[in-house]
Amino acid sequence: MELFEQIRREFEHGVGTIKGVARKLGVHRRQVRDALANAMPRERKYPVRDRPRLDPLTSFIDAILVGDQKAPRKQRHTARRIFNRILAELPNTPAAESTVRQYVRERKLALGLKHAETFIPQSYPWGREAQVDWFEATVEIDGEPQKAYLFCMRSMASGGAFHRAFPHASQLAFLEAHEAAFHYFGGLFALLRYDNLRRAVQKILRGHQREETARFIGFRSHWDFESEFCNPGEGHEKGGVEGEGGYFRRNYLTPVPKAKSWEELNQMIAAASKQDEQRIMEGRTQTIGAGMIIEAEHLRPLLTEGFDLAAITFPTVNGQGCVKVSTNLYSVPLRQGLEVQARTHAGTIEIWHGGECVARHERCFGRYQRVLDLEHYLDALVGKPGALAGSTPLE
Numbered sequence: 096m097e098l099f100e101q102i103r104r105e106f107e108h109g110v111g112t113i114k115g116v117a118r119k120l121g122v123h124r125r126q127v128r129d130a131l132a133n134a135m136p137r138e139r140k141y142p143v144r145d146r147p148r149l150d151p152l153t154s155f156i157d158a159i160l161v162g163d164q165k166a167p168r169k170q171r172h173t174a175r176r177i178f179n180r181i182l183a184e185l186p187n188t189p190a191a192e193s194t195v196r197q198y199v200r201e202r203k204l205a206l207g208l209k210h211a212e213t214f215i216p217q218s219y220p221w222g223r224e225a226q227v228d229w230f231e232a233t234v235e236i237d238g239e240p241q242k243a244y245l246f247c248m249r250s251m252a253s254g255g256a257f258h259r260a261f262p263h264a265s266q267l268a269f270l271e272a273h274e275a276a277f278h279y280f281g282g283l284f285a286l287l288r289y290d291n292l293r294r295a296v297q298k299i300l301r302g303h304q305r306e307e308t309a310r311f312i313g314f315r316s317h318w319d320f321e322s323e324f325c326n327p328g329e330g331h332e333k334g335g336v337e338g339e340g341g342y343f344r345r346n347y348l349t350p351v352p353k354a355k356s357w358e359e360l361n362q363m364i365a366a367a368s369k370q371d372e373q374r375i376m377e378g379r380t381q382t383i384g385a386g387m388i389i390e391a392e393h394l395r396p397l398l399t400e401g402f403d404l405a406a407i408t409f410p411t412v413n414g415q416g417c418v419k420v421s422t423n424l425y426s427v428p429l430r431q432g433l434e435v436q437a438r439t440h441a442g443t444i445e446i447w448h449g450g451e452c453v454a455r456h457e458r459c460f461g462r463y464q465r466v467l468d469l470e471h472y473l474d475a476l477v478g479k480p481g482a483l484a485g486s487t488p489l490e
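Add 95 to a position in the sequence shown, counting from 1, and you land on the number used in the numbering used here.
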């Protein structure tokens, strides 16, 4: 996946020819054409590798590191010391020292066994960096208290921030919110900095290197921006967006906001963000909104076409005039047996047939539920008027 992104960048900003890119990167011209045709390579299945040497030792290593959390800082185990203890205490379960070192490094980062650090003040050029994160808040939707997951992208130069609420922090919502944020700011930042969000990161590797999900890499390649990920447990590395989430929740989501729908809630949030543009941040002389106007001239231009975000399936209409998407049933105005295309977005489900959108429903996040629209059954009710009184779509 990274090679596809490198090929697309080299063609767009470097050599500029298929033959030149193939020669420079040492790949076949056919692979260059595949990368230019689609940011997402064909899906490949990789077997999960077993760890027969390490698995018997993980509980032993974890117990040592958990005990180190209460030990004096200068008397904690090093990876070398743990390896020596394995040789002495578990001689029948050998493992390479490099394997033990890698696992100890990962566990120490996860357990917070680290030294205190000095924090260095930062300054940012216009259009260079924005930080991205989620934060949670309680909201009231149609009279029911619910947990909202709010996506936040904050410019580090101007201090402007985009917020959008979702009922679930899914990858679809994550990517959809990115595109909405790009349009809110009027362009793209050169660099986006993230926490170790599971929507984008599959596995934490060494330092700032991350094994990223294929869909996120394709999205990043399409929009042509760079990404960096914070060290585990180091929230200060993206302190701008961390502070923004708390500020916005305290000032615009207190008391608990009430809305009839998620769409209305996001309209309220957009109005609050617009109001916040009049604020002057500490240490600055201009408003956030004035800074955003200046920064807009330094952002990369938006693309004419967005990334295809929808998850697509092909269900068949059943005898009740519904199609199954995930575990839920959604009504459609089509006859039984037809195969349709279901496009799943962050908040909606669209049903397409014959090149037209024949039904659109608000996405249900429950399991084994039915989402029905009475209009989809009007033709059937003409022939069966007695079924109207007890019909489920009327409820």
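In this text, a Cβ means the ideal position worked out from N, Cα and C, and glycines have one as well.
Just reading off the beta strand (DSSP E) that R288 is part of, what are its end residues?
Residue numbering aside, residue 288 sits at position 193 when the sequence shown is read from its first letter. Here the beta strand (DSSP E) through R288 covers 286-289.
Count the other CB atoms, across all protein chains shown, that sit within 10 Å of the CB of H471; report buried if there are 16 or more and exposed otherwise.
Walking along the sequence shown from the start, residue 471 turns up at place 376. Buried, by the Cβ-count rule.
What does the Cβ neighbour count give for P240, buried or exposed, with the cut at 16 atoms within 10 Å?
Counting from one through the sequence shown, the residue named residue 240 turns up at place 145. So P240 counts as exposed.
Could you tell me the distance, in whole angstroms, from the CA atom of H172 to the CA atom of P189?
Position 77 of the sequence shown, counting from 1, holds the residue named residue 172. Position 94 of the sequence shown, counting from 1, holds the residue named residue 189. Rounded to whole angstroms, H172 to P189 spans 19 Å at the Cα level.
According to DSSP, what are the bridge partners of H448?
Here residue 448 corresponds to residue number 353 of the sequence shown, with the count starting at 1. Beta-bridge pairing links H448 to E451.
If you drop the 5 nearest sequence neighbours on each side, which residues of the same chain put their C-beta closer than 8 Å to that of A275?
Within the sequence shown, residue 275 is the residue found at index 180, counting from 1. Taken in chain order, the residues that qualify are F257, R259.
Taking only three categories from DSSP, how would you classify Q431?
Mapped onto the sequence shown, residue 431 falls at position 336. The answer is coil: DSSP assigns Q431 none of H, G, I, E or B.
Should L98 be labelled buried (16 or more other beta-carbon atoms within 10 Å of its own) or exposed?
Position 3 of the sequence shown, counting from 1, holds the residue named residue 98. That one is exposed.
Roughly how many whole angstroms lie between the Cα atoms of V351 and E235?
Locating residue 351 in the sequence shown gives position 256, where the first residue counts as 1. Locating residue 235 in the sequence shown gives position 140, where the first residue counts as 1. So the alpha carbons of these two residues sit roughly 7 Å apart.
Short of 7 Å in beta carbon distance, which residues of its chain neighbour D163, apart from the five on each side in sequence? Order them along the chain.
For the purposes of this step, residue 163 is identified with residue 68 of the sequence shown, where counting begins at 1. Excluding residues within five positions, the ones whose Cβ falls inside 7 Å are R171, H172, L208.
For D237, which residues of its own chain have a beta-carbon under 6 Å away from its beta-carbon, when the five flanking residues on both sides are left out?
Mapped onto the sequence shown, residue 237 falls at position 142. The answer, listed in chain order, is K355.
When the cut-off is 9 Å and only beta carbons count, does V199 lie next to chain B?
Protein chains in the displayed structure number just one, and chain B is not present.
Check whether the segment 312-327 touches the segment 359-375, counting contact only when three or more Cβ pairs, one atom from each stretch, lie closer than 8 Å.
Touching, no.
Would you call D228 buried or exposed, if buried means 16 or more other Cβ atoms sit within 10 Å of its Cβ?
The sequence position of residue 228 within the sequence shown is 133, counting from 1. Flag for D228 reads buried.
Please name the residue in F269, A366, G255 whose C-alpha comes closest to that of F261.
Residue mapping note: residue 261 aligns to position 166 of the sequence shown, counting from 1. If we check each option's Cα against that of F261, F269 comes out closest.
L398 to F106, Cα distance in whole Å?
Within the sequence shown, the letter at position 303 stands for residue 398. Within the sequence shown, the letter at position 11 stands for residue 106. Taking the straight line from one Cα to the other gives about 17 Å.
Run through the segment 135-163 for me and flag every whole beta strand (DSSP E) of 3 or more residues, listed as ranges in chain order.
List check, beta strand (DSSP E) in window: nothing returned.
Restricting to Cα atoms, I'd like to know which of E434, V420, A441, S316 is closest to V466.
Numbered from 1 along the sequence shown, position 371 holds the residue referred to as residue 466. Minimum Cα distance to V466 is reached at V420.
Below 9 Å between beta carbons: does that hold for G340 and G255?
Position 245 of the sequence shown holds residue 340. Position 160 of the sequence shown holds residue 255. Their beta carbons are not under 9 Å apart, which means G340 does not touch G255 by this criterion.
What's the C-alpha gap between H263 and H317?
For the purposes of this step, residue 263 is taken as the residue at position 168 of the sequence shown. For the purposes of this step, residue 317 is taken as the residue at position 222 of the sequence shown. Rounded to the nearest angstrom, the two C-alpha atoms are 25 Å apart.
So the candidates are A252, Y244, C247; which of them puts its Cα closest to the Cα of W221?
On the sequence shown, residue 221 is found 126 positions in, with the first residue counted as 1. Nearest of A252, Y244, C247 to W221, Cα basis: A252.
Go through the segment 312-365 residue by residue and report every complete run of the alpha helix (DSSP H) that reaches 4 residues or more, in order.
Runs found: 334-347.
Can you round the beta-carbon distance between L286 and E231 to whole angstroms, since I take them to be within the 8 Å contact cut?
In the sequence shown, residue 286 corresponds to position 191, counting from 1. In the sequence shown, residue 231 corresponds to position 136, counting from 1. Not confirmed; about 26 Å, so no contact.
At the level of alpha carbons, what is the spacing between H303 and Y219?
For the purposes of this step, residue 303 is taken as residue 208 along the sequence shown, with counting starting at 1. For the purposes of this step, residue 219 is taken as residue 124 along the sequence shown, with counting starting at 1. Bear in mind that the predicted position of H303 carries a pLDDT of just 49, short of 50, making it unreliable; the figure below should be weighed with that in mind. For H303 and Y219, the distance between alpha carbons rounds to 20 Å.
Here's the rule: buried if 16 or more other CB atoms are within 10 angstroms of the residue's CB, otherwise exposed. What is E390?
As a working note, residue 390 is residue 295 in the sequence shown. Classification of E390: buried, given that the 10 Å Cβ count is 16 or more.
Have a look at the DSSP bridge pairing and note the partners of T443.
To locate residue 443, count along the sequence shown from 1; it is residue 348. Its beta-bridge partners are E457.
Going by C-alpha to C-alpha distance, which of P410, G111, L429, L394 sits closest to T422?
As a working mapping, residue 422 is identified with position 327 in the sequence shown. Out of P410, G111, L429, L394, P410 has the C-alpha closest to the C-alpha of T422.
Tell me the residue span of the beta strand (DSSP E) that contains V418.
As a first step, residue 418 must be located in the sequence shown, where it is residue number 323. From DSSP, the beta strand (DSSP E) with V418 extends over 417-420.
Beta carbon of F280, beta carbon of L206: below 9 Å?
Counted from its first residue, the sequence shown places residue 280 at position 185. Counted from its first residue, the sequence shown places residue 206 at position 111. No. Outside cutoff.
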